[in-house]
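Visitor: Got a structure for you, written out below as structure tokens; questions coming shortly.
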Amino acid sequence: MNETVNIEISQRGKQILRIVIEEHIRTGRPVGSRFVSKKLGGAISPATVRNVMQDLEEVGLLWQPHTSAGRVPTALALRYYLANMMKPKKLTLAEKKKIEQVFLNDFTDILQLMENVGRVLAALSNEISVIVSPGGEDMILHKIELIPISSKNVVLVLVTRTGMTRSIVMECSGIEPRKLEEFGQRLNERLAGLTFSEIKKTIRERIADLQRIYSSFSSKLVQSAKEIFSVEDEVTAVFGRENIIKKPEFSDQRQLSQLMSICESDELLIKCIPSDVPPGQVEIVIDSPPIEQLAMVVSSYSFGYGRGFLGVVGSRRMNYPKLVELVSYTANRISHLLGEEIEERG
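In case it helps, this note's numbering puts the sequence shown at residues 258 to 603.
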């Protein structure tokens with residue numbers, strides 16, 4: 258999942274570090290030596306716990322907000338915990354049911370499906386969820402539909418193999434409905450199965466003979482091909498912004514502003530995501546530019562011609578055992594579902 262963090266820690270130190278991290282994740286407050294001693298059943302005195310905490314502080318795993326406070330785990334401590342201590346927590350049946358409910362509904366628009374996934378992910382994680390749906394000109398055209406909406410205009414609908422659709426209104430004066438339908442069939446014969454990039458480069462040659470029959474509309478299609486078949490590289494959506502209001506760390510306006518800035522910038526969000534995370538596996542990014550003082554739990558999912566990403570972003574004080582399982586399960590279900598859907602579309 259994440260790379261190993263090699264730090265020599267005594268067995269007692271590991272026990273105390275785990276308690277501090279898990280209690281801080283639960284409450285958001287510094288953890289004191291008396292609490293740790295009680296948690297260990299009094300087997301270690303508060304004074305001894307303080308000494309061990311001091312040792313952990315010296316190697317960069319804990320820090321003390323002020324002299325009389327307890328300790329708080331550092332980013333390094335969280336990385337150590339994730340690599341050496343944490344075990345993913347299985348989803349409950351109720352949580353799985355909420356995720357599966359999204360996939361039970363019929364859908365024709367993949368973006369709408371991913372929006373529904375994003376909302377469920379935010380609700381179950383109590384964090385901000387992020388969905389990155391792949392786009393780009395490597396998308397493969399499944400079919401073109403030409404739908405007359407008046408005597409002068411037609412809607413050109415592009416449907417990709419992954420179910421994404423794009424609609425463009427075009428002028429089509431002088432073409433009767435029968436010929437328009439016939440033209441649509443011929444376009445599909447020539448263009449279906451090609452990437453948008455291939456279509457832009459070769460459409461003139463591929464439909465050259467059709468221009469003599471459907472001259473006006475065909476010419477407009479060729480002239481406008483660069484605009485019609487241009488697609489953004491990724492489509493990014495963010496859900497659950499309201500969840501952060503409940504978290505005490507975001508009473509700090511600087512930290513809140515930083516998170517909001519990232520969520521409002523597709524470029525920054527995509528920059529946070531490791532591009533090499535395999536489908537269904539989980540990567541955890543902690544305190545890494547541009548998300549200082551923040552964390553992201555992210556995975557990728559297969560999407561026909563490429564990959565998309567999904568995950569949650571928020572404070573470093575996340576319920577990592579649950580979120581790792583939640584993100585992994587959801588990513589695997591999407592990959593499975595979209596794989597079947599793409600096969601059916603042919």
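Even for Gly, the Cβ is constructed at its ideal location relative to N, Cα and C.
These figures come from a predicted structure and were not determined experimentally.
The alpha helix (DSSP H) with E384 in it runs from where to where?
Guide: Here E384 belongs to no alpha helix (DSSP H), and DSSP marks it neither H nor E.
Visitor: Could you check which residue in L274, D544, L583, L594 has the C-alpha nearest to that of K347?
Guide: L583
Visitor: Quick one: any contact between the segment 395-403 and the segment 367-387, if contact means 3 or more CB pairs under 8 Å?
Guide: no
Visitor: Assess, as a yes-or-no matter, whether the segment 339-359 is touched by the segment 492-510 under the definition of 3 or more beta carbon pairs within less than 8 Å.
Guide: no
Visitor: In whole angstroms, what separates the C-alpha of R328 from that of L567?
Guide: 32 Å
Visitor: Taking M517 as part of the beta strand (DSSP E), name the residues at either end of that continuous run.
Guide: It is not in any beta strand (DSSP E) - M517 instead sits in the alpha helix (DSSP H) that spans 510-520.
Visitor: For G299, count neighbouring C-beta atoms within 10 Å of its own C-beta (all shown protein chains included) and say buried if the count is 16 or more, exposed if not.
Guide: exposed
Visitor: Where M427 and G450 are concerned, what is the direct C-alpha to C-alpha distance, given to the nearest angstrom?
Guide: 23 Å
Visitor: Any idea what DSSP makes of V323, helix, strand or coil?
Guide: Reading off the sequence, residue 323 comes out as His, not Val. It is coil, neither helix nor strand.
Visitor: Can you tell me whether S476 is buried or exposed, with buried defined as 16 or more other CB within 10 angstroms of its CB?
Guide: exposed
Visitor: Based on Cα-Cα distance, which residue from I543, V262, N263, V306 lies nearest to V277?
Guide: V306
Visitor: Going by DSSP, what residue range makes up the beta strand (DSSP E) through S290?
Guide: That residue, S290, is in no beta strand (DSSP E); its alpha helix (DSSP H) goes 290-296.
Visitor: Quick one: complete beta strand (DSSP E) runs, 3+ long, within the segment 417-488?
Guide: 422-428
Visitor: With 16 other CB atoms within 10 Å as the buried threshold, where does K295 fall?
Guide: exposed
Visitor: My understanding is that V539 touches S556, with C-beta atoms under 8 Å, so please give their C-beta distance in whole angstroms.
Guide: A Cβ-Cβ separation of about 5 Å places V539 in contact with S556 under the 8 Å criterion.
Visitor: Please classify L350 as buried or exposed, where buried requires at least 16 other C-beta atoms within 10 Å of its C-beta.
Guide: exposed
Visitor: May I ask you to list the residues that DSSP assigns as paired with L567?
Guide: I388, S556
Visitor: Please name the residue in I266, P505, R435, K409 whose C-alpha comes closest to that of L313.
Guide: I266
Visitor: Just checking my contact of E570 with L551 at CB under 8 Å: how many whole Å lie between their CB atoms?
Guide: First, the amino acid is wrong: residue 570 is Val here, not Glu. Indeed they touch by this definition, with Cβ atoms about 7 Å apart.
Visitor: Rounded to whole angstroms, what is the Cα-Cα separation between E462 and Y471?
Guide: 15 Å
Visitor: In the DSSP assignment, find the alpha helix (DSSP H) that holds V309 and state where it starts and stops.
Guide: 303-315
Visitor: What would DSSP say about E540, mapped onto helix, strand or coil?
Guide: strand
Visitor: Roughly how many angstroms lie between the CA atoms of L467 and R423, to the nearest whole one?
Guide: 23 Å
Visitor: Rounded to the nearest angstrom, how far is the Cβ of A588 from that of P531, given a contact under 8 Å?
Guide: Not quite, the Cβ-Cβ distance comes to about 14 Å (not below 8 Å), so this is no contact.
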